[in-house]
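These notes are about the structure you will find just below.
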Amino acid sequence: MASYDHVNWFRVPTIFEGDCLRFSLETTATHAWFAYFEPYSRGRHDWLIEQALTKAGTELLATGKSVEGRDIQLLRKGTGAEGRRKVWIIAQQHPGEHMAEWFMEGVIERLEKHDDPVLQKLLASADLYLVPNMNPDGAFHGHLRTNAMGQDLNRAWQSASQELSPEVLFVQQQMKQYGVDLFLDIHGDEEIPYVFTAGCEGNPGYTPRIEKLEEHFRSHLKHLTKDFQTKHGYTRDLPGKANMTLACNSVGEKFDCLSLTLEMPFKDNNDAPNALTGWSGKRSKQLGKDVLTTVADMVDSLR
Ligand SMILES: [Zn+2]
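First residue of the sequence shown: 40, per our numbering; consecutive thereafter.
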C-alpha cells in the first residue's frame with residue numbers, strides 16, 4: 040500500500056522476481072510512504088485510548104506492561120456487576136496485523152453512539168473488555184509476529200511468563216479475575232483473501248453447545264455483511280487435536296465459552312474486491328462495528 044499523506048492509502052501492484060518483491064509508482068507528490076498494510080501508529084493508539092475514555096464511556100480497568108515497559112490498556116464498558124456477560128475482544132497479538140487495531144477503533148467508535156438500540160440491547164446485559172493492542176513492543180520494532188523477546192504471543196497461552204511474554208500473562212490474570220463469556224481474538228491473515236473465523240472444534244472440552252454458538256455467530260455475521268463468509272478459512276482441527284497454545288483454544292477451554300479467532304485479509308476480500316484500496320482500515324473498522332451487532336444478537340444465549 041502507498042500513501043502521500045498517511046491518511047489515504049492505495050494499492051500499488053507488485054510482482055515477484057525470484058525472491059524479490061518489485062513495485063513502482065509514478066508519484067504525484069514529493070513524498071510517498073509504503074507499507075505492507077495501512078499502518079496503525081502508536082500516536083493513533085494513544086488518541087484511540089483517549090477517545091475510549093472521554094467519548095465511548097469506557098474505564099481504564101488495568102494497565103499491563105510489555106517486556107520493554109510499554110502500556111497495555113484493558114478498557115471496560117459496563118459496570119462489572121455480577122451476572123452480566125463478559126465479552127472480551129483483544130487485538131494485535133501479532134504486531135504487524137494492523138487491521139486488528141483498525142477493527143478495535145470501529146468497536147470503540149460505535150460505543151460513542153448513544154442512540155444505537157442494538158448497542159443498548161448488548162450493553163443492557165453485557166460488559167465489554169477490550170485490549171486494543173497486546174503487543175506494542177513488536178510494533179515499535181517493526182516485527183510482524185513477535186514481541187521484544189522474539190515470542191509469538193499467540194503460541195504462548197500455555198506457557199506465559201513474566202520474562203518472555205508478560206503481555207499474555209497480564210491478560211490471563213485479568214481474565215481470571217473477571218471471567219469470560221465470549222472471547223474474540225482479532226488478526227490478519229497474509230494468504231487467504233477473505234474474512235473468516237477459526238473456532239475450538241479441536242478442543243478436548245468442545246461440546247455441541249459451543250458448536251451451536253459458533254454457528255450462530257458465523258451465520259448471523261454472514262447475513263449481516265458481505266465482508267464475512269464461512270466457505271474459506273483454515274483447515275478444521277480434528278477432535279482433540281487443537282493447538283492449545285493459541286489464545287482462542289486456551290480461553291475457550293478454560294472458560295467453556297464461545298471463543299473465536301477472527302482473521303481479516305492483508306490483500307482483499309475476494310467476495311467484494313476494491314481495486315483501489317483492497318482490504319483497508321476503513322473496512323476493518325466497519326467489520327468491528329458489525330461484529331457488535333452479531334454479539335448483541337446472541338448475548339442472551341452465551342450461557
Ligand atoms: Zn495473527
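Cβ coordinates follow ideal geometry from the N, Cα and C atoms, glycine included.
Nearest-angstrom beta carbon gap, residue j and residue i [assumed within contact, 8 Å]
| i | j | result |
| --- | --- | --- |
| Arg115 | Asp220 | 14 Å between Cβ atoms; not a contact. |
| Pro171 | Ala130 | 6 Å |
| Ala187 | Val106 | 4 Å |
| His271 | Phe235 | 6 Å |
| Gln201 | Leu208 | 6 Å |
Rounded C-alpha distance that separates residue i from residue j
| i | j | result |
| --- | --- | --- |
| Gly119 | Pro134 | 29 Å |
| Ala199 | Thr69 | 46 Å |
| Thr300 | Asp224 | 5 Å |
| Lys328 | Glu151 | 11 Å |
| Phe294 | Gly218 | 7 Å |
| Trp48 | Ser42 | 5 Å |
| Gly244 | Met143 | 29 Å |
| Arg149 | Thr332 | 10 Å |
| Ala314 | Asp307 | 9 Å |
| Leu60 | His84 | 30 Å |
| Gln212 | Gly317 | 38 Å |
| Glu254 | Ser63 | 44 Å |
| Glu206 | Arg275 | 28 Å |
| Leu285 | Asp44 | 37 Å |
| Ile88 | Ile147 | 9 Å |
| Phe179 | Asp266 | 30 Å |
| Met40 | Gln132 | 22 Å |
| Glu56 | Thr269 | 34 Å |
| Thr246 | Asn282 | 17 Å |
| Phe305 | Arg109 | 26 Å |
| Val338 | Glu250 | 16 Å |
| Leu161 | Asp336 | 8 Å |
| Thr53 | Thr185 | 26 Å |
| Thr97 | Ala195 | 28 Å |
| Asn193 | Pro78 | 21 Å |
Pick from the options that is closest to residue i, judged by C-alpha positions
| i | options | result |
| --- | --- | --- |
| Leu100 | Gln268, Leu60, Asp166 and Lys94 | Asp166 |
| Gly241 | Leu260, Gln201 and Gly279 | Gly279 |
| Asp228 | Phe55, Pro52, Asp44 and Phe76 | Phe76 |
| Pro232 | Pro78, Asp310 and His255 | Asp310 |
| Gly103 | Gln112, Thr264 and Gly317 | Gln112 |
| Val51 | Asp85, Cys59 and Thr66 | Thr66 |
| Ser298 | Val126, Lys160 and Ser80 | Val126 |
| Met214 | Cys287, Glu202, Glu136 and Glu230 | Cys287 |
| His137 | Leu60, Arg81 and Leu331 | Arg81 |
| Arg342 | Cys296, Met303 and Thr333 | Cys296 |
| Trp263 | Val330, Glu107 and Met303 | The residue asked about is misnamed: residue 263 is Leu in this sequence, not Trp. When only C-alpha atoms are compared, the closest one is Val330. |
| Gly117 | Asp266, His226, Ser105 and Tyr168 | Tyr168 |
| Gln159 | Asp58, Ala95 and Ser323 | Ala95 |
| Glu121 | Met188, Glu107 and Ser164 | Ser164 |
| Met173 | Val210, Met303 and Phe235 | Val210 |
| Val334 | His180, Phe256, Lys265 and Thr246 | Phe256 |
| Leu260 | Glu292, Leu326 and Leu203 | Leu326 |
| Glu302 | Val46, Ala237 and Asn282 | Ala237 |
| Val46 | Gly320, Asp339 and Met283 | Gly320 |
| Ser340 | Tyr273, Arg248, Glu292 and Glu140 | Arg248 |
Cβ-heavy atom distance, residue i to ligand 1, below 8 Å
| i | result |
| --- | --- |
| Gln132 | yes |
| Asn172 | no |
| Asn288 | no |
| His226 | yes |
| Arg194 | no |
| Glu302 | yes |
| Glu136 | yes |
| Arg149 | no |
| Arg81 | no |
| Arg184 | yes |
Local Cβ density within 10 Å of residue i, reported as buried at 16 or more and exposed below that
| i | result |
| --- | --- |
| Ala74 | exposed |
| Cys239 | buried |
| Asp176 | buried |
| His226 | buried |
| Ser323 | buried |
| Gly189 | exposed |
| Leu277 | exposed |
| Gly181 | exposed |
beta-carbon residue i near ligand 3 non-hydrogen atom, thresh 8 Å
| i | result |
| --- | --- |
| Asn186 | Among the ligands present in this structure, namely ligand 1, ligand 3 is not found. |
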